[in-house]
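Enquirer:
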Amino acid sequence: MRKLLSIFAASAMAISSPLAVVACKKNSNENAEFDFEAQRNKFVSTVTQIFQTQFKSFFEPLRFVSQEESPFDKKMTTVFLRENANEISQGQGLIYDFVKSEITKVIHWSDVLEQINEEIMKNVNFRSMLIDGKNPLSEGFLTNTLELTDGDNEIATINVGFSSQIVLLNNNKDKEYVTIKYETQINLISGIEIAEEFNRINEDYLNLFKNEKQANEFKIESNKGDYKTAGDIIISEKGEIMTTVKNLIKNIELSNNHYSIDVDSTLMSYDENYLAIGSTVFNSVKYAWGSTPAMIPEVAEFGQNVMSAFGGNRKAKEAVVKTLSENEENPVVSRNESEEIKNQVSEFDNMSVAINVFGVEENLQDNRLFTNKIRKEQPNFAINYEEDQKLISLFGIEIQNSKIRYKEEIYELSKPFLLVRQNTEDTGTQALYTRFLSDALDYQIKFAGFSSDSSQSVNSNSLFYFNKPDSLKLDSLYNFVLGYKYFNDDFWDAASIQTKAYQEDLEFTSQFCGASLGNLKPASYLYFDKNERLYFSNRIFTPNDNVFKAQIVTSFFSFQMDWKLTASLALGNKAGTPGIVSDSASHFVFKK
Numbered sequence: 002m003r004k005l006l007s008i009f010a011a012s013a014m015a016i017s018s019p020l021a022v023v024a025c026k027k028n029s030n031e032n033a034e035f036d037f038e039a040q041r042n043k044f045v046s047t048v049t050q051i052f053q054t055q056f057k058s059f060f061e062p063l064r065f066v067s068q069e070e071s072p073f074d075k076k077m078t079t080v081f082l083r084e085n086a087n088e089i090s091q092g093q094g095l096i097y098d099f100v101k102s103e104i105t106k107v108i109h110w111s112d113v114l115e116q117i118n119e120e121i122m123k124n125v126n127f128r129s130m131l132i133d134g135k136n137p138l139s140e141g142f143l144t145n146t147l148e149l150t151d152g153d154n155e156i157a158t159i160n161v162g163f164s165s166q167i168v169l170l171n172n173n174k175d176k177e178y179v180t181i182k183y184e185t186q187i188n189l190i191s192g193i194e195i196a197e198e199f200n201r202i203n204e205d206y207l208n209l210f211k212n213e214k215q216a217n218e219f220k221i222e223s224n225k226g227d228y229k230t231a232g233d234i235i236i237s238e239k240g241e242i243m244t245t246v247k248n249l250i251k252n253i254e255l256s257n258n259h260y261s262i263d264v265d266s267t268l269m270s271y272d273e274n275y276l277a278i279g280s281t282v283f284n285s286v287k288y289a290w291g292s293t294p295a296m297i298p299e300v301a302e303f304g305q306n307v308m309s310a311f312g313g314n315r316k317a318k319e320a321v322v323k324t325l326s327e328n329e330e331n332p333v334v335s336r337n338e339s340e341e342i343k344n345q346v347s348e349f350d351n352m353s354v355a356i357n358v359f360g361v362e363e364n365l366q367d368n369r370l371f372t373n374k375i376r377k378e379q380p381n382f383a384i385n386y387e388e389d390q391k392l393i394s395l396f397g398i399e400i401q402n403s404k405i406r407y408k409e410e411i412y413e414l415s416k417p418f419l420l421v422r423q424n425t426e427d428t429g430t431q432a433l434y435t436r437f438l439s440d441a442l443d444y445q446i447k448f449a450g451f452s453s454d455s456s457q458s459v460n461s462n463s464l465f466y467f468n469k470p471d472s473l474k475l476d477s478l479y480n481f482v483l484g485y486k487y488f489n490d491d492f493w494d495a496a497s498i499q500t501k502a503y504q505e506d507l508e509f510t511s512q513f514c515g516a517s518l519g520n521l522k523p524a525s526y527l528y529f530d531k532n533e534r535l536y537f538s539n540r541i542f543t544p545n546d547n548v549f550k551a552q553i554v555t556s557f558f559s560f561q562m563d564w565k566l567t568a569s570l571a572l573g574n575k576a577g578t579p580g581i582v583s584d585s586a587s588h589f590v591f592k593k
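Residue numbering for the sequence shown follows our numbering, starting at 2 and increasing by one per position.
Printed below as a string of structure tokens:
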């Protein structure tokens, strides 16, 4: 109910005609809302990465610094900080202002703005989100946290936190503000020798993962296409990666028993912005449900096989999978991967042009922030085509919360960045891709209400019968155009247990897409009538508007990725023909 209330509240108009609009707004760009939201998320994540990376470069050298060698005023000593700890932590007063000024002087804000200018303001995809061409961080930054913690007399620990506001235009051309933050710890140390030992330990800790062996050592074997599932396997507390990381940390040499390293609280995290998948394009398929004499023979045969496969013919299904899994271009599949990828893949056995190490490399090269981070923090990382034939994804992982104990006090170590390969469990990516096509096709057949007894005589109109989500079981929702994104997950959650079983192995994802001018685009809107006929569109439609053809698109990699770069399966009856909303315009039906 809460979801529905928010959907109705989002509607800016009340229409009494048979087709009213819920949670949507007319836009001449057919897929503007979806494309804008994707670009907006990328805009925000890019600015956030730049802000945090730059601030890290300012403050990491101060994690353990002697007061004699610090960039601060000579007055700012450990004794001075301890004596004025209360006033500093209150966040006001002359002493607080002095300490704040000393700390913030290491921030070169112009460097942040300059990188934003290069990565954001010169990117044509982001221009529509800029306000009067201004830098999205033009409002500067704030010091949110400046606190001293109790500690050893030789060390003054300062916890500091900063924030800034990303200012951008949203899809309605209104200002949107997004808060971003960076937090760290400064340890000002009275003795040079103690500071040197802390820095040696911290440097050894960072270097554990930078040498040529460890930079290329970490990997998992998993066929999971969902990046969150694969990421969770990597960072699992009892997983192989975590065990190896902790064992490496324990081997750091310590000069005396005043020092010890605590790995019990060590954590790892992943970020989809530091991820390169092995697919580079979405390849559409040329076919029609069934066949007509005017078609190219191979296309006609494929269309007949698709229809027969949905009708329960296993040999037809195998023929469909075989055609789609071929690396060579054929009349049905136009392989849109780069010529470089095609040529490189052809030199290997059991490697799919749809998912491969060269796709990982190409996507990595297209992600400047990821490549820059690797260059700075993992300079010895290298892809080896021979050894990485089974590579399907590359994850950037941050190690967090490792602690060093000095006497009775605990201090945070830096946060190393390591790279983890995800390899397929199969003999190669060709075997994996073939398995994906087979499972995804079975999933779509079952999801659409087809089974081994769904012959043409039983289902002569080839209707796709879906389980109706509980969220759509309200009479008030009939004959309304609804925002698809509010219900996407509900469709797949409503699938039968038997349907979901086909998804368990690979954890692929699905969504409805509408075809416009021959191109599939994720649906923006859905509509269903009293006859339970279901329609999807990439744009708002009215009774006099065309209904778009729609398909289920199942992708190996998560839809959190750019779906246009993902190896996917889009088959089934392309429901909908040009015309107004009518029974003949849709083959999608809710089960009654």
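In this text, a Cβ means the ideal position worked out from N, Cα and C, and glycines have one as well.
Hey, would you say residue 354 sits closer than 8 Å to residue 346, going by beta carbons?
Expert: Going by C-beta atoms, residue 354 is nearer than 8 Å to residue 346.
Enquirer: Under 8 Å, do residue 221 and residue 234 count as touching if we go by C-beta distance?
Expert: Yes, they are a contact pair.
Enquirer: Comparing alpha-carbon positions, which option in 464, 418, 93 and 474 lies nearest residue 376?
Expert: Minimum Cα distance to residue 376 is reached at 418.
Enquirer: Please report the Cβ distance between residue 446 and residue 310, rounded to the nearest whole angstrom; I am assuming they are in contact, meaning their Cβ atoms lie under 8 Å.
Expert: Their Cβ separation, rounded to whole angstroms, is 7 Å, which keeps residue 446 and residue 310 in contact under 8 Å.
Enquirer: According to DSSP, is residue 83 helix, strand or coil?
Expert: It is helical.
Enquirer: Is residue 522 helix, strand or coil when you go by DSSP?
Expert: Of the three classes helix, strand and coil, the one that applies to residue 522 here is strand, per DSSP.
Enquirer: Distance, Cα to Cα, residue 243 vs residue 236?
Expert: Near 6 Å, if we compare the C-alpha coordinates of residue 236 and residue 243.
Enquirer: Express the C-alpha separation of residue 373 and residue 590 in angstroms, rounding to a whole number.
Expert: C-alpha separation (whole angstroms): 49 Å.
Enquirer: Applying the 10 Å Cβ sphere with the 16-neighbour rule, what's the burial state of residue 23?
Expert: With a pLDDT of 38 at residue 23, under the threshold of 50, the predicted position of this residue should be treated as unreliable, though the coordinate-derived value follows. That one is buried.
Enquirer: Go through the region 170 to 240 residue by residue and report every complete run of the beta strand (DSSP E) that reaches 3 residues or more, in order.
Expert: Listed in chain order, they are 176 to 190 and 220 to 222.
Enquirer: Could you check the C-alpha separation between residue 260 and residue 248 for me, to the nearest Å?
Expert: Going by the C-alpha atoms only, they are around 17 Å apart.
Enquirer: As a quick exercise: from 254, 296, 231 and 264, pick the residue whose alpha carbon is nearest that of residue 245.
Expert: Closest by alpha carbon: 264.
Enquirer: On the DSSP bridge list, what partners appear for residue 269?
Expert: Paired residues: 400.
Enquirer: What does DSSP give as the partner residue(s) for residue 161 in the beta ladder?
Expert: Residue 161 pairs with 147 and 185.
Enquirer: Is residue 46 near residue 217, with beta carbons less than 8 Å apart?
Expert: It is not a contact, given that the beta carbons lie outside the stated cut-off.
Enquirer: From the DSSP output, which residues share a beta bridge with residue 484?
Expert: Answer is 526.
Enquirer: How many angstroms separate the CA atom of residue 30 from the CA atom of residue 37?
Expert: Its pLDDT being 42, under 50, residue 30 is placed unreliably in this model, and the value from its coordinates should be taken loosely. The straight-line gap from Cα to Cα measures roughly 10 Å.
Enquirer: By the 10 Å Cβ neighbour count, where 16 or more other Cβ atoms means buried, how is residue 458 classified, buried or exposed?
Expert: Unreliable placement is indicated for residue 458, whose pLDDT of 42 sits below 50; no coordinate value is reported for it.
Enquirer: Answer yes or no: do residue 140 and residue 168 have a C-beta to C-beta separation smaller than 8 Å?
Expert: It is a contact, given that the beta carbons lie within the stated cut-off.
Enquirer: Beta-carbon separation of residue 555 and residue 569 under 8 Å?
Expert: Going by C-beta atoms, residue 555 is nearer than 8 Å to residue 569.
Enquirer: Report yes or no: do the region 185 to 192 and the region 63 to 71 share at least 3 C-beta pairs separated by less than 8 Å?
Expert: Judged by Cβ distances under 8 Å, the region 185 to 192 makes contact with the region 63 to 71, as three or more pairs qualify.
Enquirer: The alpha helix (DSSP H) that contains residue 346, what's its start and end?
Expert: Taken as a continuous stretch (DSSP letters only), the alpha helix (DSSP H) holding residue 346 covers 340 to 346.
Enquirer: Would a C-beta distance cut-off of 8 Å place residue 334 and residue 572 closer than the cut-off?
Expert: Not closer than 8 Å, so no.
Enquirer: Judging by CA-CA distance, which residue of 172, 104, 250 and 179 is the nearest neighbour of residue 146?
Expert: Checked all of 172, 104, 250 and 179; the closest Cα to residue 146 is 104.
Enquirer: May I have the straight-line CA-CA distance separating residue 449 from residue 40, to the nearest angstrom?
Expert: Each residue's Cα considered, the two are about 32 Å apart.
Enquirer: Could you round the C-beta distance between residue 509 and residue 432 to whole angstroms and report it? I think they count as a contact, below 8 Å.
Expert: With 8 Å as the limit, residue 509 and residue 432 do not qualify as a contact, their Cβ atoms being about 16 Å apart.
Enquirer: Unbroken beta strand (DSSP E) runs of length 3 or more, entirely within the region 62 to 106: which are they?
Expert: DSSP runs (the beta strand (DSSP E)) wholly in the region 62 to 106: 65 to 67.
Enquirer: Whose C-beta lies closer than 7 Å to the C-beta of residue 232 among residues of the same chain, with five residues either side of it excluded?
Expert: These residues qualify, in order along the chain: 271 and 396.
Enquirer: Based on Cα-Cα distance, which residue from 282, 52, 144 and 122 lies nearest to residue 90?
Expert: That would be 144, whose Cα lies nearest to the Cα of residue 90.
Enquirer: In whole angstroms, what separates the C-alpha of residue 183 from that of residue 387?
Expert: Going from the Cα of residue 183 to the Cα of residue 387 covers about 40 Å.
Enquirer: Between the beta-carbon of residue 507 and the beta-carbon of residue 224, is there less than 8 Å?
Expert: Taking 8 Å as the Cβ cut-off, residue 507 and residue 224 qualify as a contacting pair.
Enquirer: Just mark residue 389 as buried or exposed, buried being the case when its beta carbon has 16 or more other beta carbons within 10 Å.
Expert: Residue 389 should be labelled buried.
Enquirer: Starting from the Cα of residue 279, find the closest Cα among 408, 357, 58 and 469 and give me that residue.
Expert: The candidate whose alpha carbon is nearest that of residue 279 is 357.
Enquirer: Leaving out the 5 sequence neighbours to the left and right, which residues in its chain are closer than 7 Å to residue 443 when beta-carbon positions are compared?
Expert: Closer than 7 Å at Cβ, skipping near neighbours: 503.
Enquirer: In the DSSP assignment, what are the bridge partners of residue 510?
Expert: BP columns for residue 510 point to 556.
Enquirer: Report the rounded CA-to-CA distance for residue 393 versus residue 94, giving the unit in angstroms.
Expert: If you take the alpha carbons of residue 393 and residue 94, they lie about 55 Å apart.
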